[in-house]
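Per my numbering, numbering of the sequence shown is gapless, rising by one per residue and ending at 202. Scroll down for the structure; my scribbles are underneath it.
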Amino acid sequence: SCPFRYYYQYILGLVPIEDTDSQRIGTNWHRIQEIANMEPGGGCECLTEDVPGLMPQPNPNCPLCSGTGRFPDDPMDAVIAHLNQTYATPPLSKTIEEWETEKIILLYSLVGYQWWYQDTEYKTEQLEQKFEIPLLSPITGRKLQANIRGKIDRVFSAGSNRFVHEYKSTGKGIDPDSTYWNHLTLDTQTRLYTYAANQLGLGMCGVLYDVWSKPVR
């Protein structure tokens, strides 16, 4: 979209300093999406087997299950508990009102997100799929002396098609002519996920970039 921007970023390696607020909000958005997709009424993620052979023990300080080891029947209860803990104390750079507003934006955005997708025919097949696989030579197919590792947010099917679902968040505009979409075409992270999905035998034919643009207060 702009030769000078390309030259500065990809030739000279000059990129804008990442905004700390954006990084924090993006991390929290991804986390509440993960919580919202957990199995209702199932075992909580805090369950750990401290002693081999004994029953896994819950974390008494876990906000998701309140130390019971059982995930709530309504995942939104766990989302709210997580946000309340995460935003319990504002940092020195934020007022109480700013900190509370950020929490409410995340919560209400998730409610809107779930409403938007409630009538879709997407079927989740894998959640938070971790992988560590050998890197193969594209010429010979031989295993190279390197492994790649990561975690795929979600793999879902829509009819006969299967997609890697990648959550993204941004404070920038995401209208159709936004430069944000051009940037995603160069996203090596998601290309890595599609490669991993094929190597794991999950199969895929595309990527759904699920982008949330943070509302302006």
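The C-beta atom is built at its ideal place from N, Cα and C for all residues, glycine as well. Note that this is a predicted model, so its numbers are computed, not measured.
Taking a 10 Å sphere around the C-beta of Phe141, we find 16 or more other C-beta atoms and assign the residue as buried. Unbroken alpha helix (DSSP H) runs of no fewer than 4 residues, entirely contained in the stretch 121 to 186, are found at 164 to 169 and 173 to 184, following chain order. Residue environment for Met40: exposed (fewer than 16 other C-beta atoms within 10 angstroms of its C-beta).
Non-local C-beta neighbours of Pro60 in its own chain, meaning closer than 8 Å and more than five positions away in sequence, comprise Ile20, Ala21, Asn22, Met23 and Pro25, ordered along the chain. In the displayed model, Pro119 falls within a strand according to three-state DSSP. Here Lys88 is actually not in contact with Tyr98; their C-beta atoms are around 16 Å apart, not less than 8 Å. Secondary structure note for Asp62: it is in no beta strand (DSSP E), and the uninterrupted alpha helix (DSSP H) holding it is Pro60 to Thr71.
Secondary-structure assignment with DSSP links Asp195 through a beta bridge to Tyr152.
In the pairwise beta carbon analysis, the stretch 124 to 143 is classified as not touching the stretch 153 to 165: fewer than three pairs are separated by under 8 Å. In the DSSP annotation of this structure, the continuous segment of the alpha helix (DSSP H) that includes Tyr93 starts and ends at Ile81 to Tyr102.
Following the DSSP letters along the chain, one finds Asn13 inside the alpha helix (DSSP H) bounded by residues Thr5 to Ala21.
About 11 Å separates the CB atoms of Phe56 and Ala66; that is not less than 8 Å, and the two are not in contact. In the DSSP assignment, Arg55 falls outside any alpha helix (DSSP H) and carries neither an H nor an E.
Setting aside the 5 residues that flank it on each side, Asn46 is surrounded in the same chain by Gly52, each with a C-beta closer than 8 Å to its C-beta; the list follows chain order. Asn13 and Thr86 have their C-alpha atoms spaced approximately 14 Å apart. Cα atoms of Ser145 and Ser78: separation of roughly 49 Å, rounded to the nearest angstrom.
For Tyr(-5), there is no enclosing alpha helix (DSSP H), as DSSP gives it neither H nor E. Within the same chain, and ignoring the five residues on either side of Tyr194 in sequence, the residues whose Cβ sits closer than 7 Å to its Cβ are Glu151, Lys153 and Leu169.
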